[in-house]
Structure formats: structure tokens, C-alpha cells
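Data block below; observations after.
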Amino acid sequence: MGAKESTFDALSIVPTSFNTSVPPNSTTPPLNDDDQLMSRKDRLALAAPKLSQIRQNLFVAGHNAHWPSTSTYSLINCAYEVPLPLDNILSENISVVLSLALRDGATQEIIPFLPMVLAALNEAKTPVILLCQQGVSRSCSFAIAALMCNESLPFSDAFSQVKASRSICSPNSGFLCQLMELDAQLKSHEKRCQVYVFAPHAAHDISTWLLHTCRLPSSRAFATSTQVHRDSRGYFIYIGIDCIYLWRGKFAVEEQCSEIKKQLDKLYLYVWKEKLLVIHTEIDGQESKAFMDFVTSSTESQVVNYGHLYELQNCNTIAVENITSKGEQEELKDVIEFRVTTTIDEPWDDIKNYDSTDLMSHQIGWLHTTEIDYIWLGKDRDAMWNEKIIGQKLREMYDVKSIIFVEEGNESDSFWSAFETGY
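Sequential numbering from 257 applies to the sequence shown in this note's numbering.
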């Protein structure tokens, strides 16, 4: 496509040079020097109302986009947990075709959602808008993946073309890692996952079941067919050379098998662009000899247990750790931590794996770093909690040093840099 070759820095996982020419069918002007020298805050503000065109039928937007009033559009909401502003709800000509509860954090897996996103994109009868809170990370990641799968573009070219159309495109480090893994998997069968577990997405989204890749503990390396412990409550999918084994535990319902086959069909059709292999169903305790030979190793292997995923079915919300005062100042750790509260008289909730969706307008956020404590003030917080009172209360309970207050919508670059470092 005449794209400029991108180079990679040894310490970076994103291209260090971009093809900033306008992608085909794009109406978005290319980046200029002024755009690239602007602060993050100013670039976000400039891009907020824009509906960025990636391809003729593909757009990316954030919550403050100026919605088109003519023609009809389909919308994929990548962050439906975060409501749209009341003064910028969708117009009637935009129909939501898919809603995903994705968090903008480095531990969030997005590739398991890719088959359904690509299916929605390719089956839509109208142009599609990929939406997330700011149109920076989640939606741009899927736009990049769509170009990689639909047009066989390498990651570097797909990234550059989305970046050229939407200058604030900046997937978080976890998403970038997954996109680069996808790039390798599209080029080589040997790089692909051999074993999937079908289970709920996460504790905050237990109704969505997905094909999760089975990986070794504390690693991005895929587990082999001999390394996965099959839980009797679950479903495990083994990819062979000429067939697929779908194993169902004795306590797992048969009805889910049809959904597994649908997701496998979308994976092969839209991601790998290959014919789906023959699927053999195996029942716990009634396995065929061919299957047992496939999953049995003559050598001792590391066993990976995924039983915890099925325990999510009993969860309704993500548990957070309450940080309470014990009548004396609590010593803070020399790590980046993020906490929130609705009123300063209540304990702070310690948020693990936080992202920008945890900055809620009715709350107060506390970002603790090794040098500075940032207090983020939501615009709809209780009006009685001003900087003086918050600072006094905080110092009474915790050993804080330097406090910087930031107002919602007026965050500094240093705040965003510290906030994102803690992902």
C-alpha cells in the first residue's frame, strides 16, 4: 500500500517512525508538526469531538464525539460500563450492534473479543463506529487489529495508518503486546495457541463467555496440550493438526458447546481466514483413545489449572481492598497506588488494575506515587469537600508529603503520565 517502512526501538514496542500519509478513503488530514508537539491534554481536547475515519466504512470515536446526523451507522461500544455524557447521547441514526465491558488496563485481554468484533464489522450493513471513552486505546486497538486481519497488514503498518487518521491513538502496553503477538500468529501457525478454556470474561462481566488462551503461570507463553489440567466444571478446546477436540467436563452443561462452536467458527473465518477444522466432542470420563493420546505426555509437564475461572460464576462484583485508618498515620508503600472515595469520611477503596474508567465524576481519586500524591477531584463530587478539607483529612490518616490537586477535565500531563505508569 506504499506505506513507509517503520523502525522499532530496542526499548520500545511501538514503531518509532510512522507513516503519516492519509490511509485510503480517509478524510482525516495527516499529522503536522504542531499536532505532534502539543501536550497530551491539548491533543485529547482537540480530538474529542472528532469522528476519525480509518476506512470508508470504519470510524473511531470517543464519548464527546460530534455524532453524524445524516445516514445510518452501526456502533461497537468497547467500554459500555462507562456511560455516555447526558448531553451527548447517541442520535437515532446510530444503532449499537455490540457492547463490550473492556477495561483500559494492561492486564485486560482483548484478542478473545476480536472474533466477535470482526464479525460485527464484516456483517454490518452500514459504516461502523468503534467507540471507547476517549477513542485512544480500546477502540484504536480493534481498528488496528481489523486492518491486520481484513487487509493482511503487518502490525507496524496498521498502527501507523490508524495513528495517521487519529493522532491520539495510543493503545496501552498490554494491548500493544497482544497486537504484536497477533501479528506473529497471523504469519505462523506455530505461534498460535494450542489450548483454549471457555469461561466467563471476568468478575465484572460474568455473563460474557469467551475462548481464553491457556498460558503458563506468570508468562505470555502458551501452555501445550499436556500442560493443562481439565476442570470438571469447564470446557477445554485443543487445536490439533487436522482436527479440534472440544472437551466438556461432567458438571458442564451441554448447551454451551454450541456457543463454543460459533466462536471457533468466527475465529477461523475472520481472524485466521481459514477453513474451520473438524470438531470432535469429548465427554469427561468417556474420552476417545485418540484424544487421550493427544493430551498425554510421557514426560512430567507443568500443570496449569483454570478452575478459578469457573468460580467467577459466583461473583457479582470485583472485590476491592478497603484501606482504613487505625487511629494513627498509615505508612504508604513506595509504589504507585490508586484509591477512590465518594466522601472523605469513608475509607478509601484501593483499586487494583485501575484504568481511566475508574475516574468517576462523583468521586475523589487519590494517586499515590513515590514523590507526589495527586488528588483528582471529580466535577460532580460533594461540594463541601474542598482542597483544604481533603488535604487536612488525608494528612490526619496517612503519611503523605507533597499533595497536588487536579480537577476533572483540567488534568496536567504529569498527572496523566503518573496515572498511566501505574497500569
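No residue lacks a Cβ here, since even glycine has one placed at the ideal position from N, Cα and C.
Item, Value
"Whole-number beta carbon distance between S351 and L331, since they are thought to touch under 8 Å", "7 Å"
"C-alpha gap between R486 and M640, whole angstroms", "54 Å"
"H457 burial status per 10 Å Cβ neighbour count (16 or more: buried)", "buried"
"Beta strand (DSSP E) segment containing F594, residue limits", "E593 to T597"
"Residues near P305 in its chain [Cβ-Cβ closer than 7 Å; skip 5 each side]", "N320, A321 and H322"
"Alpha helix (DSSP H) segments (min. 4 residues) lying fully within the segment 294 to 354", "296 to 303"
"Alpha carbon of N313 to alpha carbon of F415, nearest angstrom", "18 Å"
"Counted within 10 angstroms of its Cβ, other Cβ atoms place I497 as buried (16 or more) or exposed", "exposed"
"Backbone secondary structure at L395 - three-state DSSP", "It is Ser, not Leu, that sits at residue 395 in the sequence shown. In the structure shown, S395 sits in a helix (DSSP, three-state: H, G or I)."
"Integer-rounded CB distance, given that G391 should sit under 8 Å from A477", "Not quite, the Cβ-Cβ distance comes to about 33 Å (not below 8 Å), so this is no contact."
"Given D521 as reference, the closest of A508, I535, Y329 and E511 once Cα atoms are compared", "I535"
"Reduced DSSP category for K458 - H, G, I as helix; E, B as strand; rest coil", "As written in the sequence, residue 458 is Ala, which differs from the Lys given in the question. In this structure, A458 counts as strand in the three-state DSSP scheme."
"contact_flag[the segment 620 to 637, the segment 371 to 389] where n(CB pairs < 8 Å) is 3 or more", "no"
"Per DSSP, the bridge partner or partners of W622", "R595 and I631"
"Residue burial classification, S670 (beta-carbon count within 10 angstroms, cutoff 16)", "exposed"
"Y610 - DSSP class collapsed to helix/strand/coil", "coil"
"Proximity winner among L354, I367, L533 and K518, relative to L387 (alpha-carbon distances)", "L354"
"Extent of the continuous beta strand (DSSP E) to which K663 belongs", "For clarity, residue 663 is Glu in the given sequence; the question names Lys instead. Looking at the DSSP string, the run of the beta strand (DSSP E) that includes E663 is S658 to E663."
"Span of the alpha helix (DSSP H), counted from its first residue to its last, around W672", "D669 to T677"
"Neighbourhood of N642 by C-beta distance below 7 Å, restricted to the same chain and skipping five residues each side", "none"
"Under the three-state DSSP convention, the category L466 falls into", "strand"
"For H536, the residue or residues it bridges with in DSSP", "Y501"
"CA-to-CA distance, V551 to K506, given in whole angstroms", "18 Å"
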